[in-house]
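Residue numbers (my numbering): 1419 to 1579.
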Amino acid sequence: MTQSAWTDERVDRLRTLWLEGRTAEQIARELQNGISRSAVLGKVHRLGLSAGRPGRLPAAAGTAAPRARVERTVTKPVERAAAVAAEPGGEPGADLPSCGMTILTVKRGQCRWPYGDPAHAGFSLCGRPVARGAFCVGHAEVGYRTPPGGAPSLLSLAGLS
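So this is what it looks like as structure tokens:
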């Protein structure tokens, strides 16, 4: 049978240090020789010391400097109607050139409309400011288009009407 690392002297020292308010890491460093922070916490739990420990002293009122409020500007999405009007007879946003963004360079708030085939070298993303969802004004007009006939035609197509 192996000898326990917890001798009576170490247990007494643990009790004293724990009730002084020392952390488990500090106690483990002081006890040394194979006593880890986790071993200290386990022994404290088994001895029932965690319930009797005095809590940390609350910070004195007014001693800590109040945190400064950070003013943030709220940016509103671009008004769809005011930005780009669709050309009659053509795809809205079809003539918008790519800004040459890649999946690694596009940032939050930039349009993710794909240009080209992802398998080819010329693939890029739009990169213009987002107006709705993940797309700029022109691409949102294409991507979020209401189907002809609206919701009732979708329901009938799905066999739910």
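All residues carry an ideal CB built from backbone N, CA and C; glycine is no exception.
C-alpha distance - residue i paired with residue j, whole-angstrom precision
| i | j | result |
| --- | --- | --- |
| R1440 | R1487 | 34 angstroms |
| R1546 | C1554 | 6 angstroms |
| E1497 | E1559 | Only weak support is given to the placement of E1497: the predicted model assigns it a pLDDT of 41, under 50, and the value that follows is read from those uncertain coordinates. For E1497 and E1559, the distance between alpha carbons rounds to 12 angstroms. |
| A1549 | V1524 | 15 angstroms |
| H1557 | I1521 | 17 angstroms |
| L1465 | W1424 | 12 angstroms |
| G1527 | A1569 | 29 angstroms |
| H1463 | S1454 | 14 angstroms |
| E1438 | R1485 | 31 angstroms |
| T1420 | E1427 | 18 angstroms |
| C1544 | A1576 | 33 angstroms |
| E1448 | S1422 | 17 angstroms |
| Y1533 | G1561 | 13 angstroms |
Local conformation of residue i per DSSP, three classes
| i | result |
| --- | --- |
| R1618 | In this structure the chain extends from 1419 to 1579, so residue 1618 is not present and cannot be described. |
| R1532 | A small fix is needed here, since residue 1532 is Pro in this sequence, not Arg. Correct three-state label for P1532: strand. |
| R1433 | helix |
| S1542 | strand |
| R1464 | helix |
| P1565 | coil |
| R1487 | coil |
| R1447 | helix |
| R1455 | helix |
Contacting residues, own chain, Cβ-Cβ under 7 angstroms from residue i (five flanking each side not counted)
| i | result |
| --- | --- |
| I1445 | L1432, L1435, W1436, V1458 |
Same chain, Cβ closer than 6 angstroms to residue i, neighbours up to 5 away in sequence not counted
| i | result |
| --- | --- |
| A1552 | R1530 |
| L1467 | W1436 |
| G1518 | S1542 |
| E1443 | R1455 |
8 angstroms Cβ shell around residue i - same chain, five flanking residues per side excluded
| i | result |
| --- | --- |
| L1572 | P1565 |
| D1535 | F1541 |
| V1429 | K1461, L1465 |
| N1451 | A1423 |
_Count Cβ pairs between the stretch 1535 to 1544 and the stretch 1558 to 1572 that sit closer than 8 angstroms; are there 3 or more?_
Judged by Cβ distances under 8 angstroms, the stretch 1535 to 1544 makes no contact with the stretch 1558 to 1572, as fewer than three pairs qualify.
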